[in-house]
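Novice: So that we are looking at the same thing, I have put the structure below in structure tokens.
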Amino acid sequence: MLHPGVTVNKPVKHRYLRNIRKHWMLYVMILPGILFYIIFKYIPLGGSVIAFQNFQIMKGIWNSPWVGLDNFKFIFTYQDFYHVLRNTALIALYKLVIGFPAPILLALMFNEVRKMLAKRFLQSLFYLPHFLSWVVVGGIVFEVLASGGFVNAFRGWLGFEPILYMQQERFFRPIIVLSSIWKEVGWGTIIYLAAISGIDPTQYEAAVMDGAGRWKQTIYITLPALFPTILILFLLNIGNFLELGFDQVYNLLTPMTYSVGDIIETYVYRSGVLQGQYSVTTAIGLFQSIIGFILLWIFNRLAKKTGEGLW
Amino acid sequence: MKQNLGEKGFQVANYVFLTAAAFTMILPLLHLFAVSLSSPVAADSKEVFLWPVGFTLASWKHILQSSGLWQSFGVTVFITVAGTALSMLFSVLTAFPLSRREFLLRKQVMLGIVITMIFNAPMIPFFLTVRELGMMNSLWSLLIPGVIGTFNMVILRTFFMSLPKELDDTARIDGCHDFRILFQIYLPLSKPVLATVSLFYAVGYWNTFQRAVLFLRDPGLWPLQMKLRAYLTSPEELAQVNMFLGDYNFNTTTLKAATILFASVPIIMVYPYLQKYFVKGSLLGSLKE
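Chains as they are written, first to last, in UniProt numbering: chain A, 1 to 311; chain B, 1 to 289.
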């Protein structure tokens, strides 16, 4: 403003240069991190263009022929694709409907436990499975549900025939949902419990004065206070809707349950990585990411109408 | 406070449910432990519940003498230690500039990072990138491609931002440069969050599976989880002796149980000591911006 001839751009540029000179160490520090994100996040993201190619490993990304939308046209006429998409969407839906509310419910139940010692002890037990790998949990699930496992021992004790749960299609999806709740429900409560502990206690005092019992307090104070947290976690969940977690399904899947349990990630691994169908499986992977993003976008818009969205 | 009958009933039901559910978290592990210490006959005839029947250490002896298992154990210990150290270094160095007002590209870089959380690269291009970098069949493929966990990095950044600004103003007047501010002022004040994030990384490395499935073809390099998976799916590998010829005091049931525990014992052992850290740490990293 003092020198009328100076353009707007120049001071900004100067600001950056001076800043870089003064704080060059910060720029040096972050370099490895930026390289990491470019190499392992952005390059693979860009590499998704092979979905529009007939990618041949010998020719590489630069010399493989372009085929436009052929790969996408192919997957939409492809029996396996519908199978895998259906499995993925159904399991994702069950997980969302049953698995998402589970830690909220559990956190509310923990909140009613008044004895600190008991609360801490119970919580420790609930957190434990989060730290086990899916290979271990898969091993446990197979063992517990085996013909000699203790679920069948219990059935035998009641006079029923044993059931081979892991080999039967109709049990696969429930097992996936239940095992993921078993593993993560306790861990999932942490963030809700933090939000609950942040609620102003005077609100509860006022409610008690008005004659509200525990139930009314939960409905009218705790739950509304949790709502923003629930909303944000829900949106984060929706963004990864179709990403169920390779480790879990891979470790519970057997050839006998492929028809109901083979999901996009396990299919892409088998046909893409193992059998070299790079372009087609990338198209499937890209399709999965795009669906995730569209869902996120829709739900974010809906969320903004009720409160805060992610962006 | 007065309680009416309904609330008392709820209290009781709540305790009963939570206790029962909490025990299902630990029962399968106790059951496996009992099975691993039982005779093969008892293990297969559903006699074992939480107490070993026909007590024997044979399964444990067998797997503890298996050189393949120890080799994988060594790989896992190596990637856990080296990986956690590398991850912490990369994450701290990334989180610190992102927590500073003086770093003018803060917003742009953060946006670039958040985008990678929303748009995950599909598996195949990721696989091909790592392969092009020559990391196939090398332990680097377990260490480098996931060296920064974005969520962990954000926890560190949130913590750094919560430290009082006056700290580094004084340090700067005393002539400290950014590296010294980070290493001599910020990091010593961040011990609890550093411990938490290290724990998250360490557990991640200990449980590494998908990257090993993708990138390691040579069984000699397999980390413990891969080895365990191989043993669980083809138990013959577990007992290379022909069990039907000799009268061994173990079988695949008891061996599997012992192996599953072998792969989780270290985590179960350190878990109670670390609990206070991770609960605190996850709260630090919760959704505040």
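We put the beta carbon where it would ideally sit given N, CA and C, even for glycine.
Because the structure is a prediction, the values reported are computed rather than measured.
(1) Could you tell me which of B/Val12, B/Pro188 and B/Pro122 sits nearest to A/Arg114, measuring between CA atoms?
(2) Closer than 7 Å, CB to CB, is A/Glu112 near chain B or not?
(3) What does A/Gln53 pair with, by DSSP beta-bridge criteria?
(4) For A/Leu253, name the three-state secondary structure that DSSP assigns.
(5) Report yes if the CB atom of B/Asn249 is closer than 7 Å to the CB atom of A/Glu112, and no otherwise.
(6) Does the beta-carbon of B/Val113 have 16 or more other beta-carbons within 10 angstroms, so that it is buried, or is it exposed?
(7) Quick check on B/Asp168: buried or exposed, where buried means 16 or more other Cβ atoms within 10 Å of its Cβ?
(8) Does B/His31 come out as helix, strand or coil in the three-state DSSP assignment?
(9) Secondary structure at A/Phe154, three-state DSSP: helix, strand or coil?
(10) Compare the C-beta of A/Pro129 against all C-beta atoms of chain B and say whether one is closer than 7 Å.
(11) Which residues in chain A have a C-beta closer than 9 Å to the C-beta of B/Arg100? List them in chain order.
(12) I'd like to know whether the C-beta of A/Ile43 is nearer than 7 Å to at least one C-beta of chain B.
(13) Going by beta-carbon coordinates alone, are A/Phe40 and B/Pro145 separated by less than 7 Å?
(14) Would A/Asn63 be called buried (16 or more neighbouring beta carbons within 10 Å of its own) or exposed?
(15) Could you tell me whether the Cβ of A/Arg301 comes closer than 7 Å to any Cβ of chain B?
(16) Assuming A/Gln242 contacts A/Ala92 under a Cβ cut-off of 8 Å, what Cβ separation, rounded to an integer in Å, is found between them?
(17) Looking at B/Leu199 and B/Phe278, is the spacing between their C-beta atoms short of 7 Å?
(18) Chain A partners of B/Gln210, CB-CB under 7 Å?
(19) For chain B, check one thing: does any of its Cβ atoms lie closer than 7 Å to the Cβ of A/Phe241?
(20) Just confirm the distance between the C-beta atoms of B/Pro125 and A/Ile50, as a whole number of angstroms; I'd bet it's less than 8 Å.
(21) Is the CB-CB distance between B/Pro40 and B/Thr233 below 7 Å?
(22) Please compile the residues from chain A whose C-beta is within a distance smaller than 7 Å of the C-beta of B/Asp44.
(23) Leaving out the 5 sequence neighbours to the left and right, which residues in its chain are closer than 6 Å to A/Leu106 when beta-carbon positions are compared?
(24) Does A/Arg270 get closer than 7 Å to chain B when you measure Cβ to Cβ?
(25) Within the 7 Å Cβ cut-off, does B/Phe55 reach chain A?
(26) Could you please tell me which residues of the segment 246–257 of chain B, in chain order, have their CB closer than 8 Å to any CB of chain A?
(27) Does the segment 188–206 of chain A touch the segment 220–235 of chain A, meaning 3 or more C-beta pairs lie closer than 8 Å?
(28) Short of 8 Å Cβ to Cβ, which residues in the segment 163–182 of chain B face chain A?
(29) Establish whether the CB of A/Lys13 and some CB of chain B are separated by less than 7 Å.
(30) For the segment 32–94 of chain B, list the beta strand (DSSP E) runs that are entirely contained and at least 3 residues long, ordered along the chain.
(31) Using alpha carbons as the reference points, say which of B/Asp174, B/Phe262 and B/Phe73 lies closest to B/Pro219.
(32) Which of the three DSSP states is assigned to A/Phe160 in this structure?
(33) Would you list, in sequence order, the uninterrupted alpha helix (DSSP H) runs of no fewer than 4 residues that lie entirely inside the segment 66–98 of chain A?
(34) Could you check if B/Pro122 is buried or exposed, using at least 16 other CB atoms within 10 Å of its CB as the buried criterion?
(35) I think B/Val81 touches A/Phe131, with their Cβ atoms under 8 Å apart; what is that distance to the nearest whole Å?
(36) Rounded to whole angstroms, what is the Cα-Cα separation between A/Tyr278 and A/Gly285?
Specialist: Straight from the coordinates:
(1) Along the first sequence, one-based indexing puts residue 114 of chain A at 114. When each option's Cα is compared against that of A/Arg114, the closest is B/Val12.
(2) Residue mapping note: residue 112 of chain A aligns to position 112 of the first sequence, counting from 1. Yes, its Cβ sits closer than 7 Å to a Cβ of chain B.
(3) Sequence index remark: in the first sequence, residue 53 of chain A carries index 53 (1-based). In the DSSP output, where bridge partners are listed per residue, A/Gln53 has A/Trp66.
(4) Taking the first sequence and counting its residues from 1, the one referred to as residue 253 of chain A is at position 253. It is coil, neither helix nor strand.
(5) Counted from its first residue, the second sequence places residue 249 of chain B at position 249. Counted from its first residue, the first sequence places residue 112 of chain A at position 112. No; because the gap between Cβ atoms is not below 7 Å, this pair is not in contact.
(6) Within the second sequence, residue 113 of chain B is the residue found at index 113, counting from 1. Residue identity differs from the one stated: residue 113 of chain B is Ile in this sequence, not Val. Buried is the call here.
(7) Taking the first residue of the second sequence as position 1, residue 168 of chain B is located at position 168. When all chains shown are included, B/Asp168 counts as buried.
(8) Counting from 1 along the second sequence, the entry for residue 31 of chain B is found at position 31. Of the three classes helix, strand and coil, the one that applies to B/His31 here is helix, per DSSP.
(9) On the first sequence, residue 154 of chain A is found 154 positions in, with the first residue counted as 1. In this structure, A/Phe154 counts as helix in the three-state DSSP scheme.
(10) As a position in the first sequence, residue 129 of chain A is number 129, starting the count at 1. Closer than 7 Å: yes.
(11) Indexing the second sequence from 1 puts residue 100 of chain B at position 100. Neighbours of B/Arg100 on chain A, chain order: His23 and Leu26.
(12) The residue given as residue 43 of chain A occupies position 43 in the first sequence. True, the Cβ-Cβ gap to chain B drops below 7 Å.
(13) Residue 40 of chain A sits at position 40 when you count from the first residue of the first sequence. Residue 145 of chain B sits at position 145 when you count from the first residue of the second sequence. Yes, the pair counts as a contact, with Cβ atoms nearer than the cut-off.
(14) In the first sequence, the residue the question calls residue 63 of chain A occupies position 63. With fewer than 16 other Cβ atoms within 10 Å, it is exposed.
(15) Position 301 of the first sequence holds residue 301 of chain A. No, no contact with chain B.
(16) Counting from 1 along the first sequence, the entry for residue 242 of chain A is found at position 242. Counting from 1 along the first sequence, the entry for residue 92 of chain A is found at position 92. Note that residue 242 of chain A corresponds to Leu in the displayed sequence, not to Gln. Confirmed, Cβ separation roughly 6 Å.
(17) Residue mapping note: residue 278 of chain B aligns to position 278 of the second sequence, counting from 1. Residue mapping note: residue 199 of chain B aligns to position 199 of the second sequence, counting from 1. Cβ atoms of B/Phe278 and B/Leu199: closer than 7 Å.
(18) One-based indexing of the second sequence puts residue 210 of chain B at position 210. What B/Gln210 touches in chain A: Phe246 and Asp247.
(19) Position 241 of the first sequence, counting from 1, holds the residue named residue 241 of chain A. Not one chain B Cβ lies under 7 Å of A/Phe241.
(20) Here residue 125 of chain B refers to the residue found at position 125 of the second sequence. Here residue 50 of chain A refers to the residue found at position 50 of the first sequence. The Cβ separation is near 7 Å, so the contact holds.
(21) For the purposes of this step, residue 40 of chain B is identified with residue 40 of the second sequence, where counting begins at 1. For the purposes of this step, residue 233 of chain B is identified with residue 233 of the second sequence, where counting begins at 1. Not closer than 7 Å, so no.
(22) In the second sequence, residue 44 of chain B corresponds to position 44, counting from 1. Correct list: Gly148.
(23) Along the first sequence, one-based indexing puts residue 106 of chain A at 106. Only Val185 and Thr189 meet the Cβ criterion.
(24) The sequence position of residue 270 of chain A within the first sequence is 270, counting from 1. Closer than 7 Å: no.
(25) If you number the second sequence from 1, residue 55 of chain B lands on position 55. No, B/Phe55 does not count as interfacial toward chain A.
(26) Thr253, Lys256 and Ala257
(27) yes
(28) His177, Asp178, Phe179 and Leu182
(29) Walking along the first sequence from the start, residue 13 of chain A turns up at place 13. A/Lys13 does not count as touching chain B.
(30) none
(31) The sequence position of residue 219 of chain B within the second sequence is 219, counting from 1. It is B/Phe73 whose Cα lies nearest to the Cα of B/Pro219.
(32) For the purposes of this step, residue 160 of chain A is taken as the residue at position 160 of the first sequence. DSSP places A/Phe160 in coil when its eight states are reduced to three.
(33) 70–76 and 79–94
(34) As a working note, residue 122 of chain B is residue 122 in the second sequence. Buried, by the Cβ-count rule.
(35) Taking the second sequence and counting its residues from 1, the one referred to as residue 81 of chain B is at position 81. Taking the first sequence and counting its residues from 1, the one referred to as residue 131 of chain A is at position 131. With a Cβ gap of about 17 Å, B/Val81 and A/Phe131 do not count as contacting.
(36) For the purposes of this step, residue 278 of chain A is taken as the residue at position 278 of the first sequence. For the purposes of this step, residue 285 of chain A is taken as the residue at position 285 of the first sequence. Spanning the two alpha carbons is a distance of roughly 10 Å.
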